[in-house]
Each structure stands twice: as structure tokens, then as C-alpha cells.
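Each residue of the sequence shown is one higher than the one before, counting from 1 in the UniProt record's numbering.
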Amino acid sequence: MREARLPPAPIFIDLTELTTHPLRTGIQRVEREILRRWRGPRPLVPCRFDAEKLRFFALPDAVVEILTDSNHTVEEDKERLRTHLEKGTSVSQGDIEAGLHNPEVFYEQRRAEAYRALCRGGTASVSWLVYDFLPFLHPQGWEPRTTERLMHYVRTLREIPRVAFISEQTRNDYLHRIVRDAGRAGPVIPLGGDGIALSRQEFDPRRRTFTYIGTIEPRKNVADILEAFEMLWQQDVDVELTVIGRMENRSTREPPILERLKAEPRFSYLGHASDDAIRQALQRTRATLFVSSLEGFGIPPYESLASGIPVIASANLPSLDLLPAGGRVILGDISPKAIAGAVLQLLDDPFAEKLWGEVTSLRIPTWDGFVQGLARWLHDESNSRKSV
Numbered sequence: 001m002r003e004a005r006l007p008p009a010p011i012f013i014d015l016t017e018l019t020t021h022p023l024r025t026g027i028q029r030v031e032r033e034i035l036r037r038w039r040g041p042r043p044l045v046p047c048r049f050d051a052e053k054l055r056f057f058a059l060p061d062a063v064v065e066i067l068t069d070s071n072h073t074v075e076e077d078k079e080r081l082r083t084h085l086e087k088g089t090s091v092s093q094g095d096i097e098a099g100l101h102n103p104e105v106f107y108e109q110r111r112a113e114a115y116r117a118l119c120r121g122g123t124a125s126v127s128w129l130v131y132d133f134l135p136f137l138h139p140q141g142w143e144p145r146t147t148e149r150l151m152h153y154v155r156t157l158r159e160i161p162r163v164a165f166i167s168e169q170t171r172n173d174y175l176h177r178i179v180r181d182a183g184r185a186g187p188v189i190p191l192g193g194d195g196i197a198l199s200r201q202e203f204d205p206r207r208r209t210f211t212y213i214g215t216i217e218p219r220k221n222v223a224d225i226l227e228a229f230e231m232l233w234q235q236d237v238d239v240e241l242t243v244i245g246r247m248e249n250r251s252t253r254e255p256p257i258l259e260r261l262k263a264e265p266r267f268s269y270l271g272h273a274s275d276d277a278i279r280q281a282l283q284r285t286r287a288t289l290f291v292s293s294l295e296g297f298g299i300p301p302y303e304s305l306a307s308g309i310p311v312i313a314s315a316n317l318p319s320l321d322l323l324p325a326g327g328r329v330i331l332g333d334i335s336p337k338a339i340a341g342a343v344l345q346l347l348d349d350p351f352a353e354k355l356w357g358e359v360t361s362l363r364i365p366t367w368d369g370f371v372q373g374l375a376r377w378l379h380d381e382s383n384s385r386k387s388v
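Shown next as C-alpha cells:
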């Protein structure tokens, strides 16, 4: 008589930050996509770390339902999550050692100490997904003392046995600046570009709008974009600009320019917008702009190309470095003059149509592909540990 096969052990995914601050951008967006698209082979169980009880707690299925539902605001999600977070079940040491994955960046020291304690035993299957090291390698782009608050994250990362990355740049930084141990560096698993869920757009010479999507903060150089279009409008160039994204407190150049542009009919500032509003804006867009000085990945231009729309972008964006050339104008110099020149290039119909044609040959990674790659890596990593 054959023995019944036991179901595969679950992988616990640490969503402590997401369940506390259920945002929809950046890392939180990645986490939501993992939950939404996970297909196994091992079950995925959300958990959170309780800093008072110093334990991980498995969360009920209702938490996944809330975090994969896009029909509520962040505040509504917080309220809906509150009661379920109190119903978590303590995870045994054996179960957590069988598979714990962290896709978050966090500040909590006691949480970091819990990971270090797991890893020092030498038998736990612990893995992290790492996005970038910008706050450590380029601290000038962040609020004062951000690097200091995050140092425990890097110290703990040095003890994590298995690490995957979203870009080659991050993997290289890990190998040359963090651990210098190639045996612990896992694969690069590119993020998906199809999150906007917009059908591929086609060139239409009547489109005269350029669009920026992303946060407004100093390193994104949005002020340079605004000043470039002010220059073009002063020259009576027939062009429109839409800016989408929330303003960060450290942005000092943009507010007075936005105030000046309130009465400009060719300009729209939407602030933080829904996916539906973003889709509507892109359906009127000739090209998008993304001229960040520092970026861990750069998903907006990636999503623009996935939607068939060309991009004016800064050099060395990790997301675009993953792709073959084509469909974009790359700026070596970020300045209002350089941005205005690129816009004028794309207002030339033959040039724009050529770029739109180049985009059709690009194959942008998908979110399904990202989650499948992550699941495969976690499954293979678990099996390799069992065979040791």
C-alpha cells in the first residue's frame, strides 16, 4: 500500500510592512502582485512579525483577499485589515524555518534580530528579494538619517543565505559592495511591465501630450520637465504636459512652478491618480518622460513601453538596461534644455512614428513571469537544501 503524499510545506511571506501601511506603489505593489498571481507549487501563507511578542504570526485568507482587491482606498484597506491582524496564528519555529521569504525593506530592529537568529542556526530556509541599495550608496538622495535607520537591514542581509534581485545593477552592488560572496547571490528576476493593463497603443499624429508618472521628489527632476515645457510654450510650441504623482515633502523646486502653471490650459497635474486615470492619460500620450538621476528600477518607463508608448528617459535606468535598444530617446544630460530638445524631436511625426514602430519589437517582462520566476527559485532553493 502506497503512503499518502504529504502536501508541500508552505512558504511564509513576511508582509509586516504591507499589512501596516497598505500602499499600492513601489515595493507594496510588488507584494500585491505576488499575492495576486501566486500559483505554487508550494502554498504561500502571509505572515507578519509581532515586535512585542517577538514571533511571526500567520494571517487568515481574508488578508490576501483584501490586499488583492483594488477597489478600495488605502485608508479603507487599513480599516479592513485591522481586525484580521489580531487573529493571526503563531507560527512554530519548525514551520518558519521550512520556508520564510521577505520581499520588504524595513526599519524595525527587533524584526532584523529575529531574521539573524533564524539564519545563525544554519538550517532555516530564509530568502529575501532585494530591490536596490540607493539609500546606502547614494544617501544624498534621501532624507537625513535614512541610511542610519536602515543599517540593520544591510547587516541582516549579510547573513541571509539566499537572495534574489530585481536588476543586474542591484545584484552587482550586492556582490561588490555588500557581501562579496557569489555563492549567496541568487538570480535576477525582472519585475513586470504590464501592471497598468492597457492594451498596446498605436501611433496617432494627433496626440500632442507628454506624460510624467511617478513621485515628485528631487532625484526625479520633475522641475526640469516643468521648466522645459515652460520654454516650449514661450516659443508657441503646440504641446501638452500631464504630470501624475504625489508630491514628497523634500520637493522645493516644483511647488512654485506648479503654482505658476495653474492657469496654463496645456498643463494638467493629477496628483496621486488611480490606475484608471493613468490609463486614460496614456491613451492621449505621444511619449512619456522619466529623467530620474537615481533609480532602483524605474518601472514607469518600463510600463510605458509595455503599453506601446515611447519614452524620453535618463541614462542607466536598471529597468531599461534589461531591454534591447529601441523606442526611447536617452538623455545623457538632464536639463530643461535637453528635455525640451527631446520633446521637439518627438513632435516630428516621422521620427515619432519610427520610435513607435521600434516599441513593437520589444518584449517586456510580465508580472506573471516575475511571480513564476520567484516561485520557481523559492521551490528550487528549498529542494536543494533538502538534498544537502
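Virtual Cβ for every residue (Gly too), placed ideally from N, Cα, C.
If you look at W233, you'll find it isn't in any beta strand (DSSP E); it sits in the alpha helix (DSSP H) that goes 222-234. Counting along the chain, the unbroken alpha helix (DSSP H) around Y302 starts and ends at 299-306. One thing to note: R24 has its Cβ within 9 Å of the Cβ of S70.
Ranked by how close their Cα comes to the Cα of M151, the residues I160, S335, Y107 have Y107 in first place. DSSP places N102 in the uninterrupted beta strand (DSSP E) bounded by 100-102.
Taking every protein chain shown into account, the CB of A340 has 16 or more other CB atoms within 10 angstroms, so this residue is buried. The Cβ atoms of G141 and D368 lie no closer than 9 Å to each other.
For I257, the secondary structure class from DSSP, reduced to helix, strand or coil, is helix.
Taking all protein chains shown into account, N102 has 16 or more neighbouring C-beta atoms within 10 Å of its C-beta and is therefore buried. Under the three-state reduction of DSSP output, A164 falls in the strand class.
Of all alpha-carbon atoms in A263, L232, G121, the one lying nearest the alpha-carbon of K337 is that of L232. Around the beta carbon of E75, fewer than 16 other beta carbons lie within 10 angstroms, which makes this residue exposed. Separation of D132 and F165 (C-alpha to C-alpha, rounded to the nearest whole angstrom) is 8 Å. Counting along the chain, no alpha helix (DSSP H) covers T285; the unbroken beta strand (DSSP E) around it starts and ends at 285-290.
According to DSSP, residue pairing for Y212 in a beta bridge involves V243, L289. Between R32 and T68 a beta carbon distance of about 6 Å is seen, short of the 8 Å cut, so the two are scored as contacting. For I339, there is no enclosing beta strand (DSSP E); the residue is part of the alpha helix (DSSP H) that begins and ends at 336-347. In this structure, the alpha-carbon of D236 lies about 35 Å from that of A197.
The C-beta distance from A112 to T83 rounds to 28 Å, too long to meet the 8 Å contact threshold. Scanning Q234, P161, K220, I11 for the CA closest to the CA of R250 turns up K220. Taking 9 Å as the cut-off, the Cβ atoms of R37 and V359 do not count as close.
One Cα belongs to S319, the other to L134, and the distance between them is close to 15 Å. The way I'd put it, the stretch 275-288 does touch the stretch 304-316; three or more beta-carbon pairs between them come closer than 8 Å. For the options P300, T89, I66, A51, the alpha carbon positioned closest to that of I364 is the one of P300. Comparing C-alpha distances from A315 to each of P324, S293, E79 shows the shortest one belongs to S293. Leaving aside the five residues that flank A98 on each side, the residues in its chain whose CB is nearer than 7 Å to its CB run, in chain order, A9, S125. Runs of the beta strand (DSSP E) lying entirely within the stretch 24-68, each at least 3 residues long, are 44-50, 55-58 in chain order. Non-local beta-carbon contacts of H21 in its own chain, meaning distances under 7 Å to residues more than five positions away in sequence, are absent. In the DSSP assignment, the residues bridged to F12 are V45, L100. Note that the C-beta distance between V222 and E254 is below 9 Å.
Secondary structure note for F267: its beta strand (DSSP E) is the uninterrupted segment 267-271. Remark: C-beta atoms of I244 and T209 do not approach each other more closely than 9 Å. If you look at V154, you'll find it in the alpha helix (DSSP H) that goes 146-157.
The beta carbons of G298 and L270 sit no closer together than 9 Å. With distances taken between CA atoms, E259 lies nearest to L226 out of V179, A273, L226, V239.
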